[in-house]
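Heads up, the sequence shown is in the working numbering, so the first residue is 106 and it goes up one at a time.
The structure appears below as structure tokens.
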Amino acid sequence: MDVSGLEQARASLEEIALFGQELEATNLERKRTHKGQMTQDVVSKAYLAEMARRRLYLQRYYSDQDNLRTREVVDIRGTESHPMLHFYERLRHLKAENTSAEYTEKEDKAKFDLKRVGQHQYKAHCEQFSHEEHKGRFMDLMTAFNMFRETRMGARILAETVGGIPLTYAEYVVGLENYIQPKHDERNGEWEKYLDYLEEYLLSFMARRYGSV
Numbered sequence: 106m107d108v109s110g111l112e113q114a115r116a117s118l119e120e121i122a123l124f125g126q127e128l129e130a131t132n133l134e135r136k137r138t139h140k141g142q143m144t145q146d147v148v149s150k151a152y153l154a155e156m157a158r159r160r161l162y163l164q165r166y167y168s169d170q171d172n173l174r175t176r177e178v179v180d181i182r183g184t185e186s187h188p189m190l191h192f193y194e195r196l197r198h199l200k201a202e203n204t205s206a207e208y209t210e211k212e213d214k215a216k217f218d219l220k221r222v223g224q225h226q227y228k229a230h231c232e233q234f235s236h237e238e239h240k241g242r243f244m245d246l247m248t249a250f251n252m253f254r255e256t257r258m259g260a261r262i263l264a265e266t267v268g269g270i271p272l273t274y275a276e277y278v279v280g281l282e283n284y285i286q287p288k289h290d291e292r293n294g295e296w297e298k299y300l301d302y303l304e305e306y307l308l309s310f311m312a313r314r315y316g317s318v
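Dropping the structure here:
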């Protein structure tokens, strides 16, 4: 497959930067032996030669004496009067599809006025607002997280947190397997409700994601 001039130019710029880094690393210190210094000089000259070759290509490409770059840009842009015409048409079509009463109602409910509620309420809103998109693609354990924090084990872990920083949702999800073996006196009704919900949710998620389990 032929590589376009634009792709080659981008690759040349990246390679020049890479060779420059390698050249700098090679010459951080002088070699102690004559043989080592000769090897260092040969490697440095090779990097410089490769950088010069790519700079020469870029000079020829951007001078565009043969109009190859101009023709390539025209081919990419197309012959329309505006290169983004089709994009705008598609965008207008999508907006027209989303003007139904049902969509408008959902959109209104999703709006959140940051100036009205303030930063602290905005943060709380972001934590409470969790949902699953495209059934099964994303796991939402926010409800389980809130239930866990109300259990005795959750209260103990929050109390043991170093620096007074409470357990975050991300830390809970990453360390989920560490939070299923409470102490004997922590096994109560709240804990059983938490485990029942967690099991039910994980099974339903697996069923949506991979089929019946």
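In this text, a Cβ means the ideal position worked out from N, Cα and C, and glycines have one as well.
Just so we're clear, the structure is a prediction, and the values are computed from it rather than from any experiment.
Going by DSSP in three states, residue i sits in which element: helix, strand or coil?
i, result
"D171", "coil"
"E255", "coil"
"Q145", "helix"
"Q286", "coil"
"L133", "coil"
"R292", "coil"
"T248", "helix"
"S109", "coil"
"L272", "coil"
"G125", "helix"
When burial is assigned at 16 or more other CB atoms within 10 Å of the CB, is residue i buried or exposed?
i, result
"M252", "buried"
"D218", "No answer about D218 holds up, because its pLDDT of 48 lies below 50 and its placement is not dependable."
"M156", "buried"
"R135", "exposed"
"R159", "buried"
"L161", "exposed"
"L118", "exposed"
Taking 8 Å as the threshold (C-beta atoms), are residue j and residue i in contact?
i, j, result
"M311", "Y284", "no"
"Y306", "A264", "no"
"E120", "Y152", "no"
"L163", "A116", "no"
Grab me the residues of residue i's own chain with a C-beta within less than 7 Å of its C-beta, minus the 5 sequence neighbours each way, in chain order.
i, result
"G110", "Y166, L173, R174 and E177"
"S149", "L128, T131 and N132"
"L295", "Position check: residue 295 holds Glu in this sequence, whereas Leu was assumed. E255 and T256, listed in sequence order."
Measure how close the beta-carbons of residue i and residue j come, nearest whole angstrom, since I'm counting them as under 8 Å.
i, j, result
"E282", "T256", "Rounded, the Cβ-Cβ distance is 16 Å, inconsistent with contact."
Between which residues of its own chain and residue i is the CB-CB distance below 6 Å, once the five residues before and five after are set aside?
i, result
"F124", "Y152, E155 and M156"
Leaving out five residues before and five after residue i in sequence, what residues of the same chain have Cβ atoms less than 8 Å from its Cβ?
i, result
"A260", "R254"
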